[in-house]
Amino acid sequence: MNANSDTTAAIDSLESLLKAKIKLQDAQSEAEPLLKVIGLLFEPEALDDDQKKVLQNGLKSLRKLLEAHSAYSVAVEQAEPARAIVNQLLSFQPMNFDGKPTGQPSEESVPKVTTAEAIPDEVIADEDEESKVDEAEDKGFEADEAVADLSKVSATTKSSGSTRATSSKKS
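Mind the numbering: the sequence shown is residues 1 to 171 in full-length UniProt numbering, read in order.
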């Protein structure tokens with residue numbers, strides 16, 4: 001067999017598996033009412049008419065369920081080669097010219113850089129200036145609060161006639 005016929009067979013087996021899976025799910029949903037009342041078969045109590053109908057129809061559904069389950073099992077076995085192909089496709093990574101996956105660059109394409117070379121001096125200088133600006137802003141905010149506090153103190157001392165507040169305001 002060639003690769004094309006293997007791929008075609010894999011796709012066909014996946015289609016068969018899908019159809020078998022759908023039939024199995026349909027049979028399971030059909031048999032679901034039976035599963036709710038099947039325990040009544042083992043009890044000595046009499047069944048009412050509704051329970052009899054559910055059990056009679058349910059037994060037909062149970063037969064369909066068993067047939068669908070065996071067909072699904074066969075389809076799973078036949079689709080095993082397709083599973084291998086799907087796994088191969090999922091793990092496939094295109095190769096570089098040097099034979100390495102494209103997700104991993106070749107050693108020649110990645111320059112080796114030391115830490116000191118990796119960060120340009122301009123960036124380091126900019127970071128230092130930014131931190132100084134941040135510190136000044138923090139100090140400026142504190143200075144603004146201090147001036148506001150002093151103005152409150154000077155306002156209260158002016159009304160009391162003290163000159164001490166004005167001398168502390170100058171310093």
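Glycine residues also receive a C-beta, built at the ideal position from the N, C-alpha and C atoms.
- From the listed residues F92, S91, L89, I85, the smallest Cα separation to A9 is found for I85.
- By a beta-carbon distance limit of 8 Å, S13 contacts A82. Their separation comes to about 5 Å.
- Residues of the same chain with a CB within less than 7 Å of the CB of V54, apart from the 5 flanking positions on each side, are P33, L34, V37 in chain order.
- C-alpha of Q88 to C-alpha of E67: approximately 32 Å in a straight line.
- DSSP places A9 inside the alpha helix (DSSP H), whose first and last residues are 3-37.
- Taken through DSSP and simplified to helix, strand or coil, P44 comes out as coil.
- Beyond the five residues adjoining it in sequence on each side, L65 comes within less than 7 Å, by CB distance, of A27, Q28, A31 in the same chain, given in chain order.
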